[in-house]
Structures are given as structure tokens and as C-alpha cells.
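Here the structure comes first, spelled out in C-alpha cells, and everything after it is commentary.
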């Protein structure tokens, strides 16, 4: 049975168990979020021992060469000595420039981070509450349009990071963040291709960035954005999106509520049902899905059955039910 050595402690790793599972089972605090090898929050460095190739998939060559790996994807076949990463593994310092309520559950957090460099609207960053605890948040900002990184953070019951952001974080505070990650962003590969954007709750964040970035890049095809909430007060940026649709004839904004009678231009029903009722066949459409994991998984399947090519279905992998 392989052993994992971290600091002055040793943890047994059962057959088929990941390093992350072995360490957390042993009481070690290791940052983690998606546990599927995408968010790269659980990054560790191997000081000694062989690193399985699969655990370095998606990492930069410079990190792989120095022994960094994803603990959630590392199922070791021999003992390893590991250590937590330093700030040189991708953490940056950002300064909070604004915290603005968007509705009763969601705030917009603007961050200034000079070292961030290039990013794409719709990607995500990890925000660290402390050395071990972090959560992933998608970027609502577009680098060519907005001066700061912008996150939409929903307060989750007993959420240790979202609660800290809502209740304790102040303008002027400095926070540790990761470099941008994720592949859910717009590219001007076919400017006439129809775009379908589906989001629930704070899943609007990446879609808001993607929509504005697509328009900035000169997208000419129709863009349909469906944003859903159970109740009207769960919607936000409604006026901004209505104004955007008014200015651009190709943009169609559909706010949806599923548990109350709609008024005005609100649509009744779940976003996926409303969208497919409007557009039963989506062959040739590029789709972006962001929000509750159940909605995202269901949408992937139903959009594929409605004709969307798998290569044209982009999804935010990070919106979690608890943060």
C-alpha cells in the first residue's frame, strides 16, 4: 500500500484511492473544488516519488517539469513525498475595488490584479479564503471592456468562502487568486453562427462576459440568452441586458421564472424548456451552459439530441451547489 508523506506526517493510500482522498481522510486540509481535474485547486508538488502522467494533464509544461500534479487525479502506485505549492505555482494577489449587491443573494466583486495578464470572458479563477480553502468563480468581465476582474458570488448556506465574501470582505482587502482557467469562452471562428446561452442563478456571470465579448469581436449571428431563476427577485442585470438587446438587433434576452406567474416580458418555465420550445432544433448552433450542475448536465444531453454538435456545446464546469 503506497504511503503519502506530507510534512512530518505519513498517510496510507488505499488501492485505487487518490492522493486527495487519502490526505483528506487522514485529516489533512487540502484545497479542492471540482475534484475532476479541471479547477486545479488541489495542486501539490511531488518532492520524491513517481508522478502518474494522468495527474499532470492540463498543467503547464513548467509546472509538470517541477513535479506539480493534481491530487484529485493522482492514484499512486508507489509512495510519494509531497508538499503544498508556493505562490509561484500560480497564485496571485488581487485587491478588492468594489463590492456591489446584484440581488438579495448575489454580489458583484471587482478585483484589481495587475499580474493576471490575458484572460478570456467566461473563464474562472479560484479565490482563496486562506492557505487551504478556496472556491472557483467565473468571470463576468471582459478584458477589453472592463477595468477590473468581476465575479458574481452567491451566498450559500454555510458556505465558508461565499459567507466570508458576503460578510467579511471589504473594499481595499487583498485576496489570493489563481490564474484564469477553463475553456468556456467565445472565439470568433464563425461570426454568423447562432449562439444559445443558457444560465441559472449566478451562472449568468460567464454568460454576461461571453455575450459582450462576442459583440465586441464582431459576432453577426443571432444570440439568444436565457437566464432563469425560481422567482423574479432572483434575476439580476435585467435592465442592462434589456438595454443590450435594444442596442443590438441580433441579441434576444429572455428572463425566465419557474415558480411564480410571469409579468411583463418574463417567461414562465425552466430556461432549458423555454429555449427548446422557442428553438426545437439547434443543429449548427454554438451553445454555452452555466449554472446549476443538474441543469447543465440535462442541457448537454437534450441539446445534443436536438441536433447540437458535441464540439459546439461549452459548459461551465464549476458552479457548485455549496460554496
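Residue numbers (the working numbering): 16 to 338. We put the beta carbon where it would ideally sit given N, CA and C, even for glycine. Source: prediction; values computed, not measured.
Identity of the residue in 22, 193, 126 nearest residue 47 by Cα | Taking the chain shown and counting its residues from 1, the one referred to as residue 47 is at position 32. Per the Cα distances, 193.
Going by other Cβ atoms of all chains shown within 10 Å of its Cβ, with 16 needed for buried, is residue 44 buried or exposed?
-> Position 29 of the chain shown, counted from the first residue, corresponds to residue 44. Under this definition residue 44 is an exposed residue.
In the DSSP assignment, find the beta strand (DSSP E) that holds residue 308 and state where it starts and stops.
-> For this step, residue 308 is matched to residue 293 along the chain shown. Note, residue 308: premise wrong, no beta strand (DSSP E); alpha helix (DSSP H) at 308-320.
Residues near residue 57 in its chain [Cβ-Cβ closer than 7 Å; skip 5 each side] | What you label residue 57 is simply residue 42 of the chain shown in a count that begins at 1. Contacts found: 35, 45, 46, 47, 85, 86, 87.
Please work out which residues of its chain come closer than 6 Å, Cβ to Cβ, to residue 63, disregarding the five sequence neighbours upstream and downstream, and give them in chain order.
-> Working through the chain shown from its first residue, we reach residue 63 at position 48. Only 96 meet the Cβ criterion.
Note down, in chain order, each residue of its chain lying with its Cβ closer than 7 Å to the Cβ of residue 295, except the 5 sequence neighbours on either side.
-> Looking up residue 295 in the chain shown gives position 280. Result list for residue 295: 321, in chain order.
Contact check, residue 155 vs residue 220, beta carbons under 7 Å = Sequence index remark: in the chain shown, residue 155 carries index 140 (1-based). Sequence index remark: in the chain shown, residue 220 carries index 205 (1-based). Going by C-beta atoms, residue 155 is nearer than 7 Å to residue 220.
Is residue 238 near residue 303, with beta carbons less than 7 Å apart?
-> Here residue 238 is taken as the residue at index 223 of the chain shown, counted from 1. Here residue 303 is taken as the residue at index 288 of the chain shown, counted from 1. No, the Cβ-Cβ distance between residue 238 and residue 303 is not below 7 Å.
Roughly how many angstroms separate the alpha carbons of residue 285 and residue 223, rounded to a whole number?
-> Walking along the chain shown from the start, residue 285 turns up at place 270. Walking along the chain shown from the start, residue 223 turns up at place 208. Residue 285 and residue 223: Cα-Cα distance of roughly 19 Å.
Local Cβ density within 10 Å of residue 263, reported as buried at 16 or more and exposed below that = Numbered from its first residue, the chain shown carries residue 263 at position 248. That one is exposed.
Same chain, Cβ closer than 8 Å to residue 50, neighbours up to 5 away in sequence not counted = By one-based count along the chain shown, residue 50 stands at place 35. Only 35, 57, 87 meet the Cβ criterion.
Chain-order list of residues whose beta-carbon lies under 6 Å from that of residue 325 (same chain, five-residue window excluded) = Position 310 of the chain shown, counted from the start, is the residue given in the question as residue 325. Hits under 6 Å: none found.
Just tell me which of 128, 120, 161, 144 has its CA closest to the CA of residue 228.
-> Walking along the chain shown from the start, residue 228 turns up at place 213. The shortest C-alpha separation from residue 228 is found at 161.
Using three-state DSSP, classify residue 141 as helix, strand or coil.
-> Taking the first residue of the chain shown as position 1, residue 141 is located at position 126. In this structure, residue 141 counts as strand in the three-state DSSP scheme.
Start-to-end residues for the beta strand (DSSP E) that takes in residue 296 | As a position in the chain shown, residue 296 is number 281, starting the count at 1. It is not in any beta strand (DSSP E) - residue 296 carries neither H nor E in the DSSP assignment.
With C-beta atoms as the reference, is residue 118 less than 7 Å away from residue 268?
-> Taking the chain shown and counting its residues from 1, the one referred to as residue 118 is at position 103. Taking the chain shown and counting its residues from 1, the one referred to as residue 268 is at position 253. No, they are not a contact pair.
Best match in 68, 183, 40 for proximity to residue 52 [C-alpha to C-alpha] = Position 37 of the chain shown, counting from 1, holds the residue named residue 52. It is 68.
Residues near residue 197 in its chain [Cβ-Cβ closer than 6 Å; skip 5 each side] = As a working mapping, residue 197 is identified with position 182 in the chain shown. Cβ neighbours of residue 197 beyond the five flanking positions: 138, 139.
Contacts around residue 16, its chain only, beta-carbon distance under 8 Å, and the 5 residues preceding and following it disregarded | As a working mapping, residue 16 is identified with position 1 in the chain shown. The residues are 27, 28, 29, 30.
Leaving aside the five residues before and after residue 210 along the sequence, list all residues of the same chain whose C-beta is less than 6 Å from its C-beta, in chain order.
-> Locating residue 210 in the chain shown gives position 195, where the first residue counts as 1. Only 238, 301 meet the Cβ criterion.
Limits of the unbroken beta strand (DSSP E) element including residue 243 = By one-based count along the chain shown, residue 243 stands at place 228. Counting along the chain, the beta strand (DSSP E) containing residue 243 begins and ends at 238-244.
Beta-carbon spacing of residue 307, residue 275 below 7 Å = Start at 1 with the first residue of the chain shown, and residue 307 comes out as number 292. Start at 1 with the first residue of the chain shown, and residue 275 comes out as number 260. No.
Between the Cα of residue 241 and those of 127, 255, 190, 282, spot the shortest distance and give me the residue it belongs to.
-> Here residue 241 refers to the residue found at position 226 of the chain shown. Closest option to residue 241, Cα to Cα, is 282.
Hey, could you find the ends of the beta strand (DSSP E) residue 261 is sitting in?
-> Taking the chain shown and counting its residues from 1, one reaches residue 261 at position 246. Counting along the chain, residue 261 falls outside any beta strand (DSSP E), though it belongs to the alpha helix (DSSP H) covering 253-262.
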